[in-house]
Amino acid sequence: MSKLLFALTLCIPAAGYYIYRKYKENKTQKQALQYGNSFIMSDLEEFTVVIGPISTITFYKHLPVEKVVSRLKELLIYNPWLCSRMFKFGNQIEFRYNTTNNPEDYISVFESDLQMSSNPIEFQKYCKLKQGMHSINNDSKLFQVDVIKLKDGYALMQSMCHSLGDGDTHYKIYKLLDEKEQMKSYLPSRAHGKNQLIPVFGAAKGPFAKWLSDRFVFRVLNPLSHPTHILRVNLEEVEKLKGSNELKDGQPFISTNDILASWAFKVSKAEIGACMFNLRGKLEGVYDHMVGNYFTEMCYTKDSFVFPGQIRKSITKQKETPYYFKCTDTAFPEYSTLTIPENRLTSFTNWSGFYHHLVIAGNEPLYHCPLLAPVTPDTHVVIFKPNDRDLYMHSYGIDKKVIQQSVLVELIHW
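In mature numbering (1 follows the signal peptide of the UniProt record, and there is no 0), the protein residues as written are -16 to -1, 1 to 398.
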C-alpha cells in the first residue's frame, strides 16, 4: 500500500504538469494560427532575445501626423512582417504575421511635458516594446512608431524588438518613412546556411560567443545602474590623431571608427571589447535586401586595442581572410569570473553610416538620436550622426570624470 501511495505521489504532479504543458502548447498553437505567414528565427540569432529593443528619436518643429500614418500604412503593406508576433514551438522560435494590418495599431500619438531641449535619454521611458524573451507566445508587438507632441515641437520615435532585426534593419525601415524614397519590400526569411555562418558566429571566435551570451544573461539578472551620456566628438582632434605614427601602430592609416573604438575600450577599462560588424554583402547568402540579425562581433582583449592601429589591422585582416573575427590570441575570461565587476565587456556600435535626413511633408529634422536599450553589457557605446554635419556618441557606463578629462569628446549638457 505504501508503495502505491509513493507511486501516486510521483505520478500525480507529473501528470498535472503534462496536462498543463499540453494546455499551453494548444493555446500557443491556436494563437499562432491567427496569422497566415511565418518565418523561422535562425539558431544563431537566438541570443538577441535577451537584448533590449532598438529605439531612435527624431525631433521636428512641426510634424503632420496624418502624413506619418499614411506613409506607415503603405510601409506595412510592403513589409507586413513588421507586424509579426513571436511564438516558440519546442526549441524553435517563429515569427507569425498577416498580410493585411491596421496601421493605427502600430502608431500612437500622445502629448508630453518634455521639450525639444530635454535630454533625449528621458524619452526612453516611452518605448513600450519588450525584450524578445518577454515577447514570446503572447500578443506583444515587435514594431512601433510614436508621434510625441512636445511643448515646443514634435518627436518621432521608432522602436523595434531586436529579435526582429538589427540596427541595419531598423534604419532601412526608418528611411522608408521618407516619402521621397521609393517604397520597397525587404526579405524577412532568415538565411539558415549554418555551414557558412557557424565559422563566423562560433568557431572563429573561440569561447567568446558563449561568454557574450552568458554576460548578457548575467546582466539581466544583475542589472547595473550606470551613467548614460551623450557626447559630441571633436572631429578636429580626431583628424590630428590620424596623423600619429604611434597610434597607427604600423598601419598605413587609421579611421575615425578605429580611434573612437580604441578610446571607448580603454576609458571604460574593458576586459573585452566587441566591435559590431555588419555581415550583409560580406558573407555568401547574406545580402543587403535581407532583414534580421546579420551582425557579429570583432573581439578584442585589452592587449589588442591599445592603439587604433590594432583595430585597423583586424579589419584589414578580416577583408583579406573571410571569417577572421577573433582579433586576439589572448584567452577570454572564464565563466567563473563573470561576477567580478572589473571584468567588463564593452560593446561598440557605429551607426553613423545609417544616418538619413528624414524630411516629412517638407518638415526638416532638427536632430536625431538613438536611445540605448535598458539591457546592455557592462558598457555600451553607439556612434551616430544627430544631423548631416556632426558626429555624436551615446555612452552607457563611462564615468563622467573620464569624459570631462578627454579632448576627444565633449559632454552635451541638457
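Glycine residues also receive a C-beta, built at the ideal position from the N, C-alpha and C atoms. Just so it is clear, the structure is predicted and the values come from calculations on it, not from any experiment.
Taking buried to mean at least 16 other C-beta atoms within 10 Å of its own C-beta, is asparagine 75 buried or exposed?
-> Numbered from its first residue, the sequence shown carries residue 75 at position 91. Exposed, because fewer than 16 other Cβ atoms sit within 10 Å of the Cβ of asparagine 75.
Helix, strand or coil for glutamate 163, going by three-state DSSP, please let me know.
-> What you label residue 163 is simply residue 179 of the sequence shown in a count that begins at 1. Coil at glutamate 163, not helix or strand.
Neighbour-count burial assignment, asparagine 334, 16 or more Cβ in a 10 Å radius = Within the sequence shown, the letter at position 350 stands for residue 334. Answer is buried; the Cβ neighbour count reaches 16.
Sort out for me which residues DSSP pairs threonine 280 with in a bridge.
-> Here residue 280 refers to the residue found at position 296 of the sequence shown. Its beta-bridge partners are Phe261.
Can you give the Cα-Cα distance for lysine 51 and serine 92, rounded to whole angstroms?
-> In the sequence shown, counting from the first residue as 1, residue 51 sits at position 67. In the sequence shown, counting from the first residue as 1, residue 92 sits at position 108. Rounded to the nearest angstrom, the two C-alpha atoms are 13 Å apart.
Note down the Cα distance separating leucine 66 from lysine 57, rounded to an integer number of angstroms.
-> Translated into positions along the sequence shown, residue 66 becomes position 82. Translated into positions along the sequence shown, residue 57 becomes position 73. The alpha-carbon atoms of leucine 66 and lysine 57 are separated by roughly 12 Å.
Threonine 113 and proline 37 closer than 8 Å at C-beta = Here the question's residue 113 lines up with position 129 in the sequence shown. Here the question's residue 37 lines up with position 53 in the sequence shown. Looking at the sequence itself, residue 113 is leucine, so the reference to threonine does not match. The answer is yes: Cβ separation under 8 Å.
On a CA-only basis, which of Gly20, Ser39 and Ser390 is nearest arginine 216? Give me that one, please.
-> Along the sequence shown, one-based indexing puts residue 216 at 232. Out of Gly20, Ser39 and Ser390, Ser390 has the C-alpha closest to the C-alpha of arginine 216.
Separation of aspartate 97 from glutamate 268, as counted between CA atoms | The sequence position of residue 268 within the sequence shown is 284, counting from 1. The sequence position of residue 97 within the sequence shown is 113, counting from 1. Between glutamate 268 and aspartate 97, the C-alpha separation is close to 49 Å.
Evaluate the contact criterion for the region 282 to 298 versus the region 254 to 265: three or more CB pairs, one atom per stretch, below 8 Å.
-> yes
Roughly how many angstroms separate the alpha carbons of glycine 190 and serine 379, rounded to a whole number?
-> Locating residue 190 in the sequence shown gives position 206, counting from the first residue. Locating residue 379 in the sequence shown gives position 395, counting from the first residue. Unreliable placement is indicated for glycine 190, whose pLDDT of 46 sits below 50; the coordinate value is still reported in the next sentence. Answer to the nearest angstrom: the Cα atoms are 28 Å apart.
Straight-line CA distance for serine 336 to asparagine 21?
-> In the sequence shown, counting from the first residue as 1, residue 336 sits at position 352. In the sequence shown, counting from the first residue as 1, residue 21 sits at position 37. The straight-line gap from Cα to Cα measures roughly 34 Å.
Nearest to histidine 364 (by Cα), restricted to the options Leu375, Asp374 and Asp383 = For the purposes of this step, residue 364 is identified with residue 380 of the sequence shown, where counting begins at 1. Closest by alpha carbon: Asp383.
Rounded to the nearest angstrom, how far is the Cβ of threonine 40 from that of histidine 352, given a contact under 8 Å?
-> Indexing the sequence shown from 1 puts residue 40 at position 56. Indexing the sequence shown from 1 puts residue 352 at position 368. With a Cβ gap of about 7 Å, threonine 40 and histidine 352 count as contacting.
What three-state label does DSSP hand proline 354 in the structure shown?
-> Position 370 of the sequence shown holds residue 354. Residue state, collapsed to three classes: strand.
Could you tell me which of Lys164, Leu17, Asn218 and Asn82 sits nearest to leucine 342, measuring between CA atoms?
-> Walking along the sequence shown from the start, residue 342 turns up at place 358. Of Lys164, Leu17, Asn218 and Asn82, the residue nearest in Cα terms is Lys164.
To which residues does DSSP link cysteine 72 through a beta bridge?
-> In the sequence shown, residue 72 corresponds to position 88, counting from 1. According to the sequence displayed, residue 72 carries lysine and not cysteine. Answer by DSSP bridge pairing, in chain order: Ile77.
Could you pull out every residue in the same chain whose Cβ sits closer than 8 Å to the Cβ of valine 46, ignoring the five residues on either side in sequence?
-> For this step, residue 46 is matched to residue 62 along the sequence shown. Sequence inspection shows histidine at residue 46; the valine mentioned does not correspond to that position. So the qualifying residues of the chain are Gly137, Tyr138 and Asn347.
From asparagine 122 to phenylalanine 107, what distance separates their C-alpha atoms?
-> By 1-based counting over the sequence shown, the position of residue 122 is 138. By 1-based counting over the sequence shown, the position of residue 107 is 123. Spanning the two alpha carbons is a distance of roughly 26 Å.
Coarse secondary structure for methionine 100, derived from DSSP in three states | If you number the sequence shown from 1, residue 100 lands on position 116. Three-state DSSP puts methionine 100 in coil, outside helix and strand.
Beta-carbon proximity of aspartate 233 to phenylalanine 291, cut-off 8 Å = Here residue 233 refers to the residue found at position 249 of the sequence shown. Here residue 291 refers to the residue found at position 307 of the sequence shown. Yes; because the gap between Cβ atoms is below 8 Å, this pair is in contact.
Roughly how many whole angstroms lie between the Cα atoms of arginine 373 and alanine 357?
-> Position 389 of the sequence shown, counted from the first residue, corresponds to residue 373. Position 373 of the sequence shown, counted from the first residue, corresponds to residue 357. Roughly 25 Å separates the two Cα atoms.
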